[in-house]
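Structure, as structure tokens:
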Amino acid sequence: MYKKLKLGNGLRIITHRMPGMQSVSLGIWIKVGGRYENEENKGISHFLEHLLFKGTKNYSCRQIKESIEGVGGSLNGFTSEEVTCYLVKMPYKHIELALNVLSDMVISPVLSEGDIVKERTVILEEIKMYKDLPQVYVHELLDGLMWPKHPLGLSILGSVDSVNAMGRKDLLSHKEKYYNVGNMVVSAAGIFDHEDFAKKVERIFGRLKSNPVGDFIGVSEKQGTPQLDILDKQTEQTHLALGFHAFKRDHPLKYAADMLHIVLGANMSSRLFNEVREKRGLAYEIGSQVKRYYDTGTFIVHAGIDNRKIQDAIKVILLELGKVKKNMVSPDEFKRAKEFYLGQLTLALEDTMDYMLWIGELTATLDKTHTLKGVIEEVKKVKRQDLLEVSRLIFKNNKLNLALIGPLVNNREEIY
């Protein structure tokens, strides 16, 4: 069972004790990410995340890494659309060291001009790298189709122009606005005492003040016609991402949508895997994905297709989406999907890192958490009819968005 505490200055602490574990995982979350930005400063949250590893008031860049890795731990960070997180996993007896290092990173980073110049070149190379990975970049094209003229439709990394334009003053201003305790969550899972951990957190963060933080721009889903974006590129495969607007984080049908994803493309037993890969040999990689944000979400099918058979693959995919709209899944298929969901959830949350990420992200984005027992009970309530309802709500022809990367210059008209 998790425990929660909110300090007087607004900092939220959430922990979960996991007896029998030898590790502890700790995360510091800031409620800021790609959708808090605009076209001019796009990528600033990600840029700042990089810089916090370059040195602090009490730790040099090298000391940050060596202090954690020197006792068998691992250190990382990530920026998503709605949060930024700095995280550590290490032997449980070193939890205070983990807290000291991470807290110094978010409170007292140096952000030197020299580090900014060097890290800018690193990020520019990162942008180039992902553009050279069509199976990744096709999702950026899809985002642009689904969220035109909106931060969700722009890359979290930013553009070459926006990253080049950012200076130290911009980064300091961004940190000052969003990196305050009222906009933070500290989450931990593993072997430790909650009260003792909370006292350590309060000792470090309790003196800090909270400031008001502006919210992100909401979405307006007014798509009336199917949308298509094709990037003609000489690749060995054509990479496809097909997406529909779907459900937000706390939508009542979210678990049914997850189960529909399992039926369609989550594993080797799924319909898309069997129909596209096993029966027809049209792809090696084929699957689906569900993404949820505070106020919206997406349901995505992705694949790497034989360049000569892209139209055949699209037809098969759309046929399978149509089938789940017409008929309920069979009782046997439904049972297998539900058991897969419950089994994967249980296995994932055996790990301290996965549990820390689960409770931390929910607290940071929705200011709520779910117990494993509670989620299991909700998943068990899902009925076959719910999957039919979800498919009919999501898979609408006029709401379809399709992004393709491949040697398609001669196939545009056929695909349209």
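Final position of the sequence shown in the numbering used here is 1071; the numbers increase by one with none missing.
We put the CB at the ideal spot given by N, CA and C, even for glycine.
Validate contact between the region 989-1002 and the region 1024-1032 using beta carbons, cut 8 Å, 3 pairs: Yes, since at least three Cβ pairs between the region 989-1002 and the region 1024-1032 fall closer than 8 Å, the two stretches touch.
Nearest-angstrom Cα separation, counted from S943 out to P803: As a working note, residue 803 is residue 148 in the sequence shown. As a working note, residue 943 is residue 288 in the sequence shown. Using only the alpha carbons, I get a separation of about 22 Å.
Short Cβ contact (8 Å threshold) for L826 with I885: Mapped onto the sequence shown, residue 826 falls at position 171. Mapped onto the sequence shown, residue 885 falls at position 230. No, the pair does not count as a contact, with Cβ atoms beyond the cut-off.
Sequence ranges, alpha helix (DSSP H) only - wholly within the region 1001-1045, length at least 4: You should have 1007-1021 and 1027-1036.
Cβ-Cβ distance between A938 and G959 below 8 Å: The residue you call residue 938 lines up with position 283 of the sequence shown. The residue you call residue 959 lines up with position 304 of the sequence shown. By the CB criterion at 8 Å, A938 and G959 fall inside the cutoff.
Neighbourhood of S758 by C-beta, 6 Å cutoff - its chain only, sequence neighbours within 5 removed: As a position in the sequence shown, residue 758 is number 103, starting the count at 1. Within the same chain, Cβ atoms closer than 6 Å to the Cβ of S758 are found at I859, the five residues on either side in sequence being excluded.
C-alpha distance - P1062 paired with W1013, whole-angstrom precision: The residue labelled residue 1062 in the question sits at position 407 within the sequence shown. The residue labelled residue 1013 in the question sits at position 358 within the sequence shown. Each residue's Cα considered, the two are about 40 Å apart.
Residue nearest to L974 in terms of C-alpha spacing, selected from T1024, F1050 and T1020: On the sequence shown, position 319 is the one that residue 974 refers to. The candidate whose alpha carbon is nearest that of L974 is F1050.
Burial state of P674, where buried means 16 or more other Cβ atoms lie within 10 Å: As a first step, residue 674 is located in the sequence shown; it is residue number 19 there, counting from the start. So P674 counts as exposed.
H805 in three-state terms, based on DSSP: Here residue 805 corresponds to residue number 150 of the sequence shown, with the count starting at 1. Reduced to three states, the DSSP call for H805 is coil.
For D961, the three-state DSSP class (helix, strand or coil): Residue numbering aside, residue 961 sits at position 306 when the sequence shown is read from its first letter. It is a strand residue.
Nearest-angstrom Cβ-Cβ length linking T953 and A901, presumed shorter than 8 Å: Within the sequence shown, the letter at position 298 stands for residue 953. Within the sequence shown, the letter at position 246 stands for residue 901. With a Cβ gap of about 5 Å, T953 and A901 count as contacting.
Residues near G665 by beta carbon distance below 6 Å, same chain, minus five either side: Within the sequence shown, the letter at position 10 stands for residue 665. The residues are V836, G837 and S865.
For E737, the nearest candidate out of T890, Y833 and E780 (CA to CA): Position 82 of the sequence shown holds residue 737. Nearest of T890, Y833 and E780 to E737, Cα basis: Y833.
Y741 - DSSP class collapsed to helix/strand/coil: Within the sequence shown, residue 741 is the residue found at index 86, counting from 1. Correct three-state label for Y741: strand.
Bounding residues of the beta strand (DSSP E) (the contiguous stretch that carries S1061): By 1-based counting over the sequence shown, the position of residue 1061 is 406. According to the sequence as given, residue 1061 is Gly; it is not Ser. Annotation for G1061: the continuous beta strand (DSSP E) segment containing it runs N1056 to G1061.
Cβ-Cβ distance between T1018 and S678 below 8 Å: As a working mapping, residue 1018 is identified with position 363 in the sequence shown. As a working mapping, residue 678 is identified with position 23 in the sequence shown. Not in contact: T1018 and S678 (Cβ atoms no closer than 8 Å).
Minimum C-alpha distance to Y949 - residue among K981, K934, E988 and R904: Reading the sequence shown from its first residue, position 294 is the one you call residue 949. Checked all of K981, K934, E988 and R904; the closest Cα to Y949 is R904.
Contacts around L947, its chain only, beta-carbon distance under 7 Å, and the 5 residues preceding and following it disregarded: In the sequence shown, the residue the question calls residue 947 occupies position 292. The sequence shown places Arg at residue 947, not Leu. The answer, listed in chain order, is F902, K903, R904 and K909.
Nearest neighbour of H633, chosen from G727, L766 and S767 [CA to CA]: The requested residue 633 is not part of the displayed model; the chain covers only 656 to 1071.
N911 and A1058 closer than 8 Å at C-beta: Against the sequence shown, residue 911 aligns to sequence position 256. Against the sequence shown, residue 1058 aligns to sequence position 403. In the sequence as presented, Asn is not what sits at residue 911; that position holds Ala. The answer is no: Cβ separation not under 8 Å.
Same chain, Cβ closer than 8 Å to T893, five either side skipped, listed in chain order: Along the sequence shown, one-based indexing puts residue 893 at 238. Counting only Cβ-Cβ distances below 8 Å, and skipping sequence neighbours, we find G959, I960, D961, N962, I965, L1059, I1060, G1061, P1062 and L1063.
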